[in-house]
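Numbering (the working numbering), first residue to last: 9 to 188. From the three backbone atoms N, C-alpha and C, an ideal C-beta is built for every residue, glycine too. For reference, the structure discussed in these notes is given below.
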Amino acid sequence: MAKLLYSATMSLDGFIAGPDGDMTWMAELPDTGPHAVADGLWQQIGSLLTGARTFFGNDPNEGTDQEGAFGGLWSGPQFVLTHNPPDSPVPGTTFVTGLREAVTAARAAAGDRYVNVLGADVAAQCLTAGLLDEILVFVAPVLLGDGTPLFRHPGGRAVPLEEISSTPGPIPSVWYRVPR
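Here it is, written out as structure tokens:
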């Protein structure tokens, strides 16, 4: 069965998007060359599970050949968790109103690859429901000061994680397992 992986690039001060969901800071990051983890991640993804804010939000590569998930490299089935599905269909995208229904459909579509969770709110819902398997974070050399944090859980609780791997470099990464 496909695992749920929340992957995100985060500023050093813990934000995955700037104020009002601004993602333009991502396009301003320096090109640091090859990255052992990031460069092959898209090939491990079988489907996407995103929230509406992420799906309808701004793509820092909009209008370029790098537009879309994983810099335009990835294509495949996408499931958007939303309370307000659009009236018109979006090719390759299924809008789902329930978390468990969305996870089940995304897992079935992913086969033996990952369901990549995109969006802090959906990731937090998956974590709370005990559905999130792994978390992969790339730490960008930038301070945003405000925006969408990697996780938000008001009155939250500590969730201990088990390190799978870490990669040093200009944009370090750390990959964790969420223990059950």
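Measure how close the beta-carbons of residue i and residue j come, nearest whole angstrom, since I'm counting them as under 8 Å.
i: phenylalanine 87; j: valine 104; result: 6 Å
i: leucine 139; j: aspartate 21; result: Leucine 139 to aspartate 21, Cβ: 28 Å. No contact.
i: valine 145; j: alanine 16; result: 6 Å
i: leucine 107; j: alanine 60; result: With a Cβ gap of about 13 Å, leucine 107 and alanine 60 do not count as contacting.
i: tryptophan 33; j: valine 150; result: 6 Å
i: aspartate 154; j: glycine 26; result: 7 Å
i: threonine 102; j: alanine 113; result: 6 Å
i: arginine 115; j: methionine 9; result: 6 Å
Are residue i and residue j closer than 7 Å when you measure CB to CB?
i: lysine 11; j: aspartate 120; result: no
i: threonine 90; j: isoleucine 179; result: no
i: proline 157; j: phenylalanine 23; result: yes
i: alanine 132; j: serine 19; result: no
i: alanine 117; j: proline 93; result: no
i: serine 174; j: valine 45; result: no
i: isoleucine 143; j: tyrosine 14; result: yes
i: arginine 185; j: glutamate 170; result: yes
Considering residue i, what are the terminal residues of the beta strand (DSSP E) in which it resides?
i: threonine 32; result: From DSSP, threonine 32 is part of no beta strand (DSSP E) but of the alpha helix (DSSP H) over 32 to 35.
i: glycine 54; result: 53 to 59
i: alanine 166; result: Unbroken run through alanine 166: none, as it is neither H nor E.
i: leucine 13; result: 12 to 19
Looking at the unbroken alpha helix (DSSP H) that takes in residue i, where does it start and where does it end?
i: alanine 44; result: It is not in any alpha helix (DSSP H) - alanine 44 carries neither H nor E in the DSSP assignment.
Query - the segment 120 to 132 in contact with the segment 48 to 59 per 3-pair CB rule at 8 Å - result: Here the segment 120 to 132 makes contact with the segment 48 to 59; the two share three or more CB pairs at distances below 8 Å.
Requested in this report: Any chance you could list the beta strand (DSSP E) runs of at least 3 consecutive residues sitting entirely within the segment 76 to 161, in chain order?
Outcome: Secondary structure in the segment 76 to 161: the beta strand (DSSP E) runs of 3 residues or longer, each lying completely within the stretch, are 86 to 89, 101 to 104, 122 to 126, 142 to 148 in chain order.
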